[in-house]
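For the sequence shown, my numbering begins at 1014 and goes up steadily by one.
C-beta atoms are modelled at their ideal positions from N, C-alpha and C, and glycine is treated no differently.
None of these values were measured; they are calculated from a predicted model.
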Amino acid sequence: MFGAQLVFAHINELRMLKKLIHKLFLPCSTATLLMEKSIAKTISSREQKQLNIHLKICKWCRSYQEKLKILDDILKRKIQSENKTDSIDIQKFKEKTIKNLKI
Ligand SMILES: [Zn+2]
């Protein structure tokens, strides 16, 4: 076999292996669902292991996971900044109300 044929044979083997792993372990639809579930609440250690194996072989899901983390960070920061504003507003309202009551 020539060098190029060997490379193509190897690439085909890798593709078949990836397809097999996707079917045996975890399809992409389940992997993305587990990623979202892991952000909302904890997933079982078995689910985490399956997800880790899937992420090692699937570049699309790795990319999805990165975007999901970025979105989650943005949302968390937004919620935190809104909560800070709310607590400051509540504190000001309390002080104003107490001041008005004393008069
Ligand atoms: Zn995937």
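Judged by their CB atoms, residue 1045 and residue 1074 are nearer to each other than the 9 Å cut-off.
Rounded to the nearest angstrom, the gap between the Cα atoms of residue 1030 and residue 1049 is 26 Å.
Of the residues assessed, residue 1093 falls on the exposed side of the cut-off, its CB having fewer than 16 other CB atoms within 10 angstroms. Segment contact: the segment 1023-1042 against the segment 1056-1072, three or more CB-CB distances shorter than 8 Å; contact assigned.
In this structure, residue 1023 has its beta carbon at no less than 8 Å from each heavy atom of ligand 1.
Assignment of residue 1041 by DSSP, reduced to helix, strand and coil, places it in the helix class. At a cut-off of 8 Å, the beta-carbon of residue 1045 counts as near ligand 1: some heavy atom of the ligand is closer than that. Burial state of residue 1114 is exposed, judged by a 10 Å Cβ sphere holding fewer than 16 other Cβ atoms.
In the DSSP assignment, residue 1054 falls outside any alpha helix (DSSP H), carrying neither H nor E.
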